[in-house]
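Chemist:
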Amino acid sequence: MTGPDAPREPRGDRPALGVRRRLAGLRALQVFGLSLAGLTLGGLALLSTGGYAPEAAAGSVAPRFSVLLAGRDIVYCYYRQPCKDQDQRTGLAQPPNTDTVMLVKVDGSQVTVLSIPRDTNVGEFDPQRSRAEQKVNSQYFSGGPEALLRAAETITGEPVRSYVIVRTDYVERVIDALGGLDVTVPEGGIEWVDQAAGVNLKLAPGEHHLNGKDAALFLRVRKGFGDDYGRIDHQKQALTQLAARLRSAQGLAALPTILGGIGNGVETNLDPNLLTAMRPFLPQMKLSFATLPTDPIPGTFNLAVNRERLAAVWGDAGAQAPTPTALPDVRVRIEDASGAKLGLTLQRALKALGYAQVSTVTIPESREASQVFTQDAVTEATFLAGALNLPRLQGERFPVGPREIGIYLTADARDHLPALARMRDAFAAAGAPDLTAPTQPTTETP
Numbered sequence: 281m282t283g284p285d286a287p288r289e290p291r292g293d294r295p296a297l298g299v300r301r302r303l304a305g306l307r308a309l310q311v312f313g314l315s316l317a318g319l320t321l322g323g324l325a326l327l328s329t330g331g332y333a334p335e336a337a338a339g340s341v342a343p344r345f346s347v348l349l350a351g352r353d354i355v356y357c358y359y360r361q362p363c364k365d366q367d368q369r370t371g372l373a374q375p376p377n378t379d380t381v382m383l384v385k386v387d388g389s390q391v392t393v394l395s396i397p398r399d400t401n402v403g404e405f406d407p408q409r410s411r412a413e414q415k416v417n418s419q420y421f422s423g424g425p426e427a428l429l430r431a432a433e434t435i436t437g438e439p440v441r442s443y444v445i446v447r448t449d450y451v452e453r454v455i456d457a458l459g460g461l462d463v464t465v466p467e468g469g470i471e472w473v474d475q476a477a478g479v480n481l482k483l484a485p486g487e488h489h490l491n492g493k494d495a496a497l498f499l500r501v502r503k504g505f506g507d508d509y510g511r512i513d514h515q516k517q518a519l520t521q522l523a524a525r526l527r528s529a530q531g532l533a534a535l536p537t538i539l540g541g542i543g544n545g546v547e548t549n550l551d552p553n554l555l556t557a558m559r560p561f562l563p564q565m566k567l568s569f570a571t572l573p574t575d576p577i578p579g580t581f582n583l584a585v586n587r588e589r590l591a592a593v594w595g596d597a598g599a600q601a602p603t604p605t606a607l608p609d610v611r612v613r614i615e616d617a618s619g620a621k622l623g624l625t626l627q628r629a630l631k632a633l634g635y636a637q638v639s640t641v642t643i644p645e646s647r648e649a650s651q652v653f654t655q656d657a658v659t660e661a662t663f664l665a666g667a668l669n670l671p672r673l674q675g676e677r678f679p680v681g682p683r684e685i686g687i688y689l690t691a692d693a694r695d696h697l698p699a700l701a702r703m704r705d706a707f708a709a710a711g712a713p714d715l716t717a718p719t720q721p722t723t724e725t726p
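Per the working numbering, residue 281 is the first one in the sequence shown, and the count goes up by one each step.
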């Protein structure tokens with residue numbers, strides 16, 4: 281009997297059962313010429329041996345710092361006319377909010393990012409004050425970057441000394457330098473027309489390759505993604521793709537554009553030498569994204585920080601997960617957009633390792649970035665992401681349920697996970713049957 285009503289083994293017996301099942305699966309895999317070491321929990325990372333440069337040169341000092349990253353609007357003085365002085369605070373048609381706010385921790389090649397929703401309240405809610413002025417996205421205009429910095433410290437409880445505030449036009453230049461952005465527009469499409477701001481973005485559902493201008497608009501739009509949380513989640517996916525390109529020759533060539541924005545679309549107190557010091561570590565960069573957990577403040581649109589959940593999704597616990605010793609108690613859903621039918625091969629490997637609930641759906645090929653995503657199974661998702669050397673994204677609107685992990689395999693998996701293709705071919709040549717019956721149906725769609 282399978283499914284949610286099936287009887288479960290006593291938890292005390294589950295680790296031993298998990299070991300027996302893993303060994304049985306691994307013996308079966310060896311019959312088809314696969315390496316035992318390549319499929320043990322400690323060696324699963326061998327699946328991702330391709331596509332990455334060697335370690336940073338000996339003697340390189342790993343940079344360690346935290347920085348607040350925020351995106352701000354272009355300010356307009358008149359209808360569809362940007363102000364000549366983009367730093368002015370008076371005579372504006374509308375104030376420049378910072379609706380994108382992220383706290384970034386860098387520790388060598390490990391980069392963890394916490395997205396802060398725009399409506400997050402700074403400190404305890406005060407019913408005697410304006411609701412809008414208490415939100416994090418209004419702090420920059422009212423008090424400059426230092427006020428936004430203090431707000432981030434209050435919200436997260438962590439000291440932050442550096443900030444980088446970027447304008448939309450700078451984002452456009454960087455995306456163009458990195459070769460544009462590949463996106464998947466959801467059903468219903470996206471239409472954002474704002475004549476006053478000169479915005480005319482119309483995208484049909486499906487795959488698109490966007491230039492810098494349209495990509496910057498895409499990253500700001502909420503319609504089509506539900507709400508601010510949905511926008512934050514698709515911003516993470518886009519940043520994952522752009523960060524992956526930094527590892528390439530094209531990405532390294534874009535560094536002058538990135539660094540050259542200081543004073544021309546970038547407002548910062550960060551030492552530029554820190555960014556240069558990161559260069560040797562870019563090829564090994566490991567990304568983890570999370571969203572600040574919040575709770576609604578009754579009678580308002582403001583949000584209060586949920587500090588108990590924050591500790592679970594971000595920080596050291598959310599970025600460095602230990603190797604699990606018991607049978608994995610999560611569901612894994614593989615979305616195969618690789619164009620090479622790699623999903624079923626990964627499903628076979630995971631089931632051999634003791635992941636009893638694994639399903640695969642094949643979807644049209646995508647040029648976005650492969651990734652591991654979840655809502656609440658952060659520790660388990662972090663382990664799988666580390667094993668596959670893929671970014672881990674935690675969010676509030678990803679299409680996964682409780683205790684579920686999604687693995688999104690795209691066209692880059694053909695280079696990034698070369699062992700999967702070899703395993704696929706080996707299984708096909710040997711006529712291998714299913715190793716274990718899936719607990720959820722596997723779906724293949726053209």
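Even for Gly, the Cβ is constructed at its ideal location relative to N, Cα and C. If you're wondering where the values come from, they're calculated on a predicted model, not measured in any experiment.
1) Just curious, the beta strand (DSSP E) that Asp456 is in, first and last residue?
2) According to DSSP, what are the bridge partners of Ala570?
3) Any chance you could list the beta strand (DSSP E) runs of at least 3 consecutive residues sitting entirely within the segment 495 to 572, in chain order?
4) Sorted by chain position, which residues of the same chain lie with C-beta nearer than 8 Å to Asp507's C-beta, five sequence neighbours on each side aside?
5) Compare the beta carbon distance of Gly492 and Asp456 with 7 Å and say whether it is the shorter of the two.
6) Do you know offhand how far Leu497's Cα is from Cys363's?
7) Can you tell me whether Lys385 is helix, strand or coil according to DSSP?
8) Shortest alpha-carbon distance to Leu697 belongs to which of Leu372, Glu684, Leu670, Gln674?
9) Cβ of Ala432 within 6 Å of any heavy atom in the ligand NAD?
10) Go ahead and label Gly634 buried or exposed: buried means 16 or more other beta carbons lie within 10 angstroms of its beta carbon, across all protein chains shown.
11) Alpha carbons only, please: which of Phe505, Ser528, Tyr688 is nearest the one belonging to Glu467?
12) Count the other CB atoms, across all protein chains shown, that sit within 10 Å of the CB of Arg398; report buried if there are 16 or more and exposed otherwise.
13) Can you check whether the CB of Arg647 is closer than 7 Å to the CB of Asp462?
14) Which value, in whole angstroms, describes the spacing of the CA atoms of Gly730 and Val501?
15) Using the C-alpha atoms, what's the distance from Leu539 back to Gly619?
16) According to DSSP, simplified to helix, strand and coil, what is Pro362?
17) Identify which residue in Val416, Glu452, His514, Val440 has its Cα closest to the Cα of Val464.
18) Pairs of beta-carbons, one from the segment 653 to 669 and one from the segment 636 to 644, closer than 8 Å: are there three or more?
19) State the CB to CB distance for the pair Ala584 and Asn401, rounded to an integer number of angstroms; the pair is presumed to be in contact (CB under 8 Å).
20) For Lys621, does the three-state DSSP call read helix, strand or coil?
21) So which of Leu349, Arg369, Leu526 has the shortest CA-CA distance to Cys357?
22) Kindly indicate the opening and closing residues of the beta strand (DSSP E) around Phe345.
Modeler: So, from the listed chains and residues:
1) Indexing the sequence shown from 1 puts residue 456 at position 176. Note, Asp456: premise wrong, no beta strand (DSSP E); alpha helix (DSSP H) at 448 to 457.
2) The residue you call residue 570 lines up with position 290 of the sequence shown. In the DSSP output, where bridge partners are listed per residue, Ala570 has Leu394.
3) List check, beta strand (DSSP E) in window: 546 to 548, 566 to 571.
4) Against the sequence shown, residue 507 aligns to sequence position 227. Same-chain partners within the cutoff: Arg677.
5) Residue mapping note: residue 492 aligns to position 212 of the sequence shown, counting from 1. Residue mapping note: residue 456 aligns to position 176 of the sequence shown, counting from 1. Going by C-beta atoms, Gly492 is nearer than 7 Å to Asp456.
6) In the sequence shown, counting from the first residue as 1, residue 497 sits at position 217. In the sequence shown, counting from the first residue as 1, residue 363 sits at position 83. Using only the alpha carbons, I get a separation of about 19 Å.
7) Along the sequence shown, one-based indexing puts residue 385 at 105. It is a strand residue.
8) Counting from one through the sequence shown, the residue named residue 697 turns up at place 417. Taking only the C-alpha atoms, the option nearest Leu697 is Leu670.
9) In terms of ligand content, the structure shown is empty, and the ligand NAD therefore cannot be addressed.
10) If you number the sequence shown from 1, residue 634 lands on position 354. With 16 or more Cβ atoms within 10 Å of its Cβ, Gly634 is classed as buried.
11) As a working mapping, residue 467 is identified with position 187 in the sequence shown. The shortest C-alpha separation from Glu467 is found at Phe505.
12) Translated into the one-based positions of the sequence shown, residue 398 becomes position 118. Flag for Arg398 reads buried.
13) Counted from its first residue, the sequence shown places residue 462 at position 182. Counted from its first residue, the sequence shown places residue 647 at position 367. Yes.
14) An answer regarding residue 730 cannot be provided, because it is not within the stretch 281 to 726 covered by the chain.
15) Taking the first residue of the sequence shown as position 1, residue 619 is located at position 339. Taking the first residue of the sequence shown as position 1, residue 539 is located at position 259. Distance between the alpha carbons of Gly619 and Leu539 is about 36 Å.
16) Within the sequence shown, residue 362 is the residue found at index 82, counting from 1. Strand.
17) Against the sequence shown, residue 464 aligns to sequence position 184. A small fix is needed here, since residue 464 is Thr in this sequence, not Val. Between Thr464 and the set Val416, Glu452, His514, Val440, the nearest pair of CA atoms involves His514.
18) no
19) Here residue 584 refers to the residue found at position 304 of the sequence shown. Here residue 401 refers to the residue found at position 121 of the sequence shown. Rounded, the Cβ-Cβ distance is 6 Å, consistent with contact.
20) Residue 621 sits at position 341 when you count from the first residue of the sequence shown. Residue state, collapsed to three classes: coil.
21) By one-based count along the sequence shown, residue 357 stands at place 77. Answer by Cα proximity: Arg369.
22) Residue 345 sits at position 65 when you count from the first residue of the sequence shown. Per DSSP, Phe345 belongs to the beta strand (DSSP E) from 344 to 352.
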